[in-house]
Amino acid sequence: MSPSDDALILFLDRLGATGLAQALREAAASDALTPLAMFMDADTLVKAVMLGLLAASVLAWAIWAGKLVQLARARRALGRDYRLLAREGRLGAILPRGVVAQMSAAASAEVRASEGLPDVGVKERVAIELGRIEAGAARAMQSGVTAVGSVGSTAPFVGLFGTVWGIMNAFVGIAESGSSNLAVVAPGIAEALMATALGLVAAIPAVLLYNHLTRAIGGYRAALADAAALVERTLSRDLDRARHQPEATRALHLVAE
Numbered sequence: 001m002s003p004s005d006d007a008l009i010l011f012l013d014r015l016g017a018t019g020l021a022q023a024l025r026e027a028a029a030s031d032a033l034t035p036l037a038m039f040m041d042a043d044t045l046v047k048a049v050m051l052g053l054l055a056a057s058v059l060a061w062a063i064w065a066g067k068l069v070q071l072a073r074a075r076r077a078l079g080r081d082y083r084l085l086a087r088e089g090r091l092g093a094i095l096p097r098g099v100v101a102q103m104s105a106a107a108s109a110e111v112r113a114s115e116g117l118p119d120v121g122v123k124e125r126v127a128i129e130l131g132r133i134e135a136g137a138a139r140a141m142q143s144g145v146t147a148v149g150s151v152g153s154t155a156p157f158v159g160l161f162g163t164v165w166g167i168m169n170a171f172v173g174i175a176e177s178g179s180s181n182l183a184v185v186a187p188g189i190a191e192a193l194m195a196t197a198l199g200l201v202a203a204i205p206a207v208l209l210y211n212h213l214t215r216a217i218g219g220y221r222a223a224l225a226d227a228a229a230l231v232e233r234t235l236s237r238d239l240d241r242a243r244h245q246p247e248a249t250r251a252l253h254l255v256a257e
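As structure tokens, this is what we get:
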């Protein structure tokens, strides 16, 4: 085994993956053309490409799973707060911490800061602030998703690079041995082609996962827009209520007199 193979097996042993480390030892000593044996016989750079593709694939799946959990929690909280605000029907309603609470607090703060000013200007400024909060929440949910898309778009080319490098080394070995026998050529080419196969294994699911996350985040964006619209409707209702309340109070005084 090469020093890089020894280092990899030692790292796996220290990591606790003793079963995988033992399988790699046996593959390195075997002459069979199994995937592990081809991996152990491959050039150091090709090994690095394969390991990088496997790590990228694991990362894509981890981001996808984490984002699904994050989206489920965010949409559940958004729906709960939406129903609370719709039931209360006023901006002063007590809401749990979340995006709807931020929107409601921002609208209430703008109303206080714009006391005595026309309602039209208040609504415009609140709409701007709600758009900023909505964009920030969507941007926070989008973080990390581009990494999944990057895996899907670059993994085939990374695998192809490993294949080209491996085939180049195989031809160098053929030239040095002076034999073009298929038994001599096949192992090196098979090891190189495995890099392309791993690139596709990493890329195809990553593209599907990216598309799924994009659709899910699009639904979350729509829910955020609905929440912002509810806050604007509630604000408009509160402003109209505040404007007509003094008139109603004066009318009661006149009736009493």
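The opening residue of the sequence shown carries number 1 in full-length UniProt numbering; numbering runs sequentially from there. Don't be surprised by glycine CBs; every beta carbon is placed ideally from N, CA and C.
Its chain contains ILE63 as the residues whose beta carbon lies nearer than 6 Å to that of GLY144, once the 5 sequence neighbours on both sides are disregarded; these appear in chain order. ALA105 and LEU91 have their C-alpha atoms roughly 8 Å apart. DSSP places SER104 in the uninterrupted alpha helix (DSSP H) bounded by 99-113. Put simply, the backbone Cα of ASP240 is about 17 Å away from that of ALA229.
The stretch 156-175 makes no contact with the stretch 62-82; the number of CB pairs closer than 8 Å stays below 3. Linking PRO96 to ALA192 through their CA atoms gives a straight-line distance of about 56 Å. DSSP places GLY52 inside the alpha helix (DSSP H), whose first and last residues are 44-88.
Nearest Cα to LEU160 within the set ALA197, VAL122 and VAL111: ALA197. Between ALA223 and LEU78, the CB-CB gap stays under 8 Å. Separation of GLU176 and PRO205 (C-alpha to C-alpha, rounded to the nearest whole angstrom) is 40 Å. Annotated three-state conformation of ILE174 is helix, per DSSP.
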